[in-house]
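Everything below concerns the one structure shown next.
2 protein chains.
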Amino acid sequence: VIHMITPTYSCWTQKADLTRLSQTLMHIKNLHWIVVEDSDNKTGLVARFLKKCNLKYTHLNVRTKKELQRNSKEPVWRKSRGVEQRNLGLNWLRRNHMTMPGKGKGDVVYFGDDDNTYDIELFDEIRATRKLSVWPVGICGGLRWEGPVCDDKGTVVDWHRSWAKLRPFPIDFAGFAIKLDVVLQFSTAEINPDSRIGWLESDFLSQMVQPSDAEGRASNCKKVLVWHTRTEKPKTKDEERLIAQGQPSDPLIET
Amino acid sequence: VIHMITPTYSCWTQKADLTRLSQTLMHIKNLHWIVVEDSDNKTGLVARFLKKCNLKYTHLNVRTKKELQRNSKEPVWRKSRGVEQRNLGLNWLRRNHMTMPGKGKGDVVYFGDDDNTYDIELFDEIRATRKLSVWPVGICGGLRWEGPVCDDKGTVVDWHRSWAKLRPFPIDFAGFAIKLDVVLQFSTAEINPDSRIGWLESDFLSQMVQPSDAEGRASNCKKVLVWHTRTEKPKTKDEERLIAQGQPSDPLIET
Ligand SMILES: O=c1ccn([C@@H]2O[C@H](COP(=O)(O)OP(=O)(O)O)[C@@H](O)[C@H]2O)c(=O)[nH]1
Ligand SMILES: O=c1ccn([C@@H]2O[C@H](COP(=O)(O)OP(=O)(O)O)[C@@H](O)[C@H]2O)c(=O)[nH]1
Ligand SMILES: [Mn+2]
Ligand SMILES: [Mn+2]
Numbered sequence: 002v003i004h005m006i007t008p009t010y011s012c013w014t015q016k017a018d019l020t021r022l023s024q025t026l027m028h029i030k031n032l033h034w035i036v037v038e039d040s041d042n043k044t045g046l047v048a049r050f051l052k053k054c055n056l057k058y059t060h061l062n063v064r065t066k067k068e069l070q071r072n073s074k075e076p077v078w079r080k081s082r083g084v085e086q087r088n089l090g091l092n093w094l095r096r097n098h099m100t101m102p103g104k105g106k107g108d109v110v111y112f113g114d115d116d117n118t119y120d121i122e123l124f125d126e127i128r129a130t131r132k133l134s135v136w137p138v139g140i141c142g143g144l145r146w147e148g149p150v151c152d153d154k155g156t157v158v159d160w161h162r163s164w165a166k167l168r169p170f171p172i173d174f175a176g177f178a179i180k181l182d183v184v185l186q187f188s189t190a191e192i193n194p195d196s197r198i199g200w201l202e203s204d205f206l207s208q209m210v211q212p213s214d215a216e217g218r219a220s221n222c223k224k225v226l227v228w229h230t231r232t233e234k235p236k237t238k239d240e241e242r243l244i245a246q247g248q249p250s251d252p253l254i255e256t
Numbered sequence: 002v003i004h005m006i007t008p009t010y011s012c013w014t015q016k017a018d019l020t021r022l023s024q025t026l027m028h029i030k031n032l033h034w035i036v037v038e039d040s041d042n043k044t045g046l047v048a049r050f051l052k053k054c055n056l057k058y059t060h061l062n063v064r065t066k067k068e069l070q071r072n073s074k075e076p077v078w079r080k081s082r083g084v085e086q087r088n089l090g091l092n093w094l095r096r097n098h099m100t101m102p103g104k105g106k107g108d109v110v111y112f113g114d115d116d117n118t119y120d121i122e123l124f125d126e127i128r129a130t131r132k133l134s135v136w137p138v139g140i141c142g143g144l145r146w147e148g149p150v151c152d153d154k155g156t157v158v159d160w161h162r163s164w165a166k167l168r169p170f171p172i173d174f175a176g177f178a179i180k181l182d183v184v185l186q187f188s189t190a191e192i193n194p195d196s197r198i199g200w201l202e203s204d205f206l207s208q209m210v211q212p213s214d215a216e217g218r219a220s221n222c223k224k225v226l227v228w229h230t231r232t233e234k235p236k237t238k239d240e241e242r243l244i245a246q247g248q249p250s251d252p253l254i255e256t
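This is the structure in structure tokens:
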């Protein structure tokens, strides 16, 4: 089973992003989707959405702590997003893996944000994970792609990146998968919201594995099967004007 | 058969957008995907992509005329995008529908941009089209949703929109589907790149149909099944720096 942990939060594009992601996941066998809302309570929108989408899922929620929330004036790279949600997903797995149907030696954990783009072939690479798999991520780290450079045996011989070159694992969350067994063995490993900018992944992985544990996949890291796309934030000015005029878009129509 | 016409152009997010869209379309039966590149020649990237994705498709190309191209300094709403590509798709259908396998009375034309988000349920609504179907589009026209307002028989009684209120069809290309027969009957109808801002759809549809022909679908227009999402343009500064240093992201790795 692949356990895919997806943080998500209320915004205009949330249902669209979850919809197209779910339609990709519908192609994948033996997937368990752990959707973690950044909210004090589970929302009806996400609950209804998950119920309808016919995937095996777990619905969780945890609100990002005040001091970690980004205010809309701060640049987007100043605060990490999705940290406490990913940690809740990890800890849920640690507490519940024993009672999960179909739990086997092959279980793998993958972090998949709601607005990234996943080629369905990626999931074959995830499934093949022995300890830690890595691969390049498209449109990431300021580059056309960022990630491992491998020899023709899949041994990582270098990392292609443009900044924070000292990172032991210079990759995005979308660029690796880790065996569930490893996450269970290191039962206190977690993502640290106080990690330096860009070091979240490295600080997290360093608690469990070493760079030499990384196996390069996706045709020895020659194929990009996941892209760190971002969905543009829509302008809400016109809607606000209509709201002020008492004529909002019918709120009974869910978007 | 649903003929879905999708303009597309070379950019960092193109393959990602086409990938996730194709994974949605893989769920749809009897779909014919007409992909029209905005380019002087068909690119290898799109040709390889289409060959691999196991959909029934037609690959076309036409480069947008110089005077219609937007320079990167102009605001995005100043020039329409995808106009000549959609027209080529229409004219291809007019020239080739007779020889298409499976061509039947039920054929419908839909315009689906590569970065929108489509719920697979939308295609049932498209397929049900008799002459002209309409429905609300999420995150569109500056609003949470823009589109028709219907009574409980699906008759359009109003349009919800925030600007250009005089438009006879105040909807986005993603918000309607039209019977192929109608497109064949009005064999010179086309999208006019000189239409006023926001009037492309209205000027196009007015050549063939009247507002009273529009049937509201998607639960009498109470459901949003398509969103006018946009994929954020990535910053390319770091890549440019590496290129200047003679160390670009390996160009043999396709993204
Ligand atoms: O306040 C927020 C903002 C984002 N996210 C989620 O955290 C992940 C990463 O956020 P985002 O995609 O905005 O960050 P990026 O890496 O694209 O800058 C995504 O799955 C979001 O849905 C969240 O839980 N709370
Ligand atoms: O120079 C361009 C820019 C865009 N497009 C395509 O035209 C459609 C509409 O463009 P875009 O999504 O950028 O416009 P929007 O309506 O989102 O502003 C999309 O399918 C694009 O791939 C194109 O063919 N040439
Ligand atoms: Mn993201
Ligand atoms: Mn678009």
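Keeping their order, the protein sequence lines are chains A and F.
Numbers in the working numbering are just positions in the first sequence, counted from 1, shifted up by 1.
Numbers in the working numbering are just positions in the second sequence, counted from 1, shifted up by 1.
We put the CB at the ideal spot given by N, CA and C, even for glycine.
| Asked | Found |
| --- | --- |
| Whole runs of the beta strand (DSSP E) within the region 158-216 of chain F, excluding any shorter than 3 residues | 177-180 |
| Contact test: aspartate 71(F) Cβ vs ligand 4 heavy atom, cutoff 7 Å | The sequence given here places arginine at residue 71(F); aspartate does not occur at that position. It does not: the Cβ of arginine 71(F) is nowhere closer than 7 Å to a heavy atom of ligand 4. |
| Arginine 1(F) Cβ short of 7 Å to ligand 3 heavy atom set | With chain F running from 2 to 256 in the structure shown, residue 1(F) is simply not present. |
| Min CB distance histidine 60(F) to chain A below 8 Å | no |
| Best match in Val135(F), Thr189(F) and Gln186(F) for proximity to glycine 217(F) [C-alpha to C-alpha] | Val135(F) |
| Aspartate 153(F) CB to nearest heavy atom of ligand 2 below 7 Å | no |
| Contacts of glutamate 233(A) in chain F (Cβ-Cβ under 7 Å) | Arg231, Thr232 and Glu233 |
| Buried versus exposed call for glutamate 85(A) [16 or more other C-beta atoms within 10 Å across all chains shown] | buried |
| Segment limits, beta strand (DSSP E) that includes tryptophan 34(A) | 32-38 |
| Closer than 8 Å to chain A by CB, histidine 33(F) | no |
| Straight-line Cα distance separating aspartate 204(F) from proline 8(A) | 42 Å |
| Backbone secondary structure at methionine 99(F) - three-state DSSP | helix |
| Ligand 2 heavy atom lying under 7 Å from the CB of threonine 14(A) | no |
| Whole-number beta carbon distance between histidine 4(A) and valine 110(A), since they are thought to touch under 8 Å | 5 Å |
| Cβ-based burial, histidine 33(F) [other Cβ within 10 Å; buried from 16] | buried |
| Stretch pair the region 125-139 of chain A + the region 238-249 of chain F: three plus CB contacts closer than 8 Å | no |
| Whole-Å CB distance - aspartate 173(F) paired with glutamate 147(F), under 8 Å assumed | 7 Å |
| Candidates Ala165(A), Ala219(A) and Ile192(A), of which the one nearest leucine 206(A) by Cα | Ile192(A) |
| Aspartate 116(F) Cβ short of 7 Å to ligand 4 heavy atom set | yes |
| Contacting residues, own chain, Cβ-Cβ under 6 Å from glutamate 261(F) (five flanking each side not counted) | Past the boundaries of the shown model lies residue 261(F); chain F is included only from 2 to 256, so the question cannot be answered. |
| Proximity winner among Lys52(F), Asn221(F), Cys222(F) and Leu253(F), relative to asparagine 221(A) (alpha-carbon distances) | Leu253(F) |
| is_contact[glutamate 202(F), chain A] using C-beta, thresh 8 Å | no |
| Cβ pair threonine 14(A), glutamine 24(F) closer than 8 Å | no |
| Three-state secondary structure assigned by DSSP to valine 2(A) | coil |
| Per-residue DSSP class, three states only, for leucine 133(F) | strand |
| Alpha carbon of valine 47(F) to alpha carbon of histidine 60(A), nearest angstrom | 37 Å |
| Chain-order list of residues whose beta-carbon lies under 6 Å from that of aspartate 120(F) (same chain, five-residue window excluded) | Leu226 |
| Isoleucine 42(A) in three-state terms, based on DSSP | Reading off the sequence shown, one finds asparagine at residue 42(A), where the question assumed isoleucine. Asparagine 42(A): coil per DSSP, three-state reduction. |
| For methionine 27(A) and threonine 118(F), the rounded distance between their alpha carbons | 16 Å |
| Coil, strand or helix - tryptophan 13(A) by DSSP | coil |
| Chain A within 8 Å of proline 8(F), Cβ atoms only | no |
| Option nearest leucine 19(F) by Cα separation, candidates Asp41(F), Arg49(F) and Lys106(F) | Arg49(F) |
| Same chain only: Cβ atoms within 6 Å of glycine 143(F), ignoring 5 sequence neighbours per side | Ser163 |
| Assumed close pair arginine 71(A), lysine 80(A) - CB separation to whole angstroms, cut-off 8 Å | 4 Å |
| Within 8 Å, strictly: CB atoms of leucine 51(A) and valine 36(A) | yes |
| Glycine 148(F) Cβ short of 7 Å to ligand 2 heavy atom set | no |
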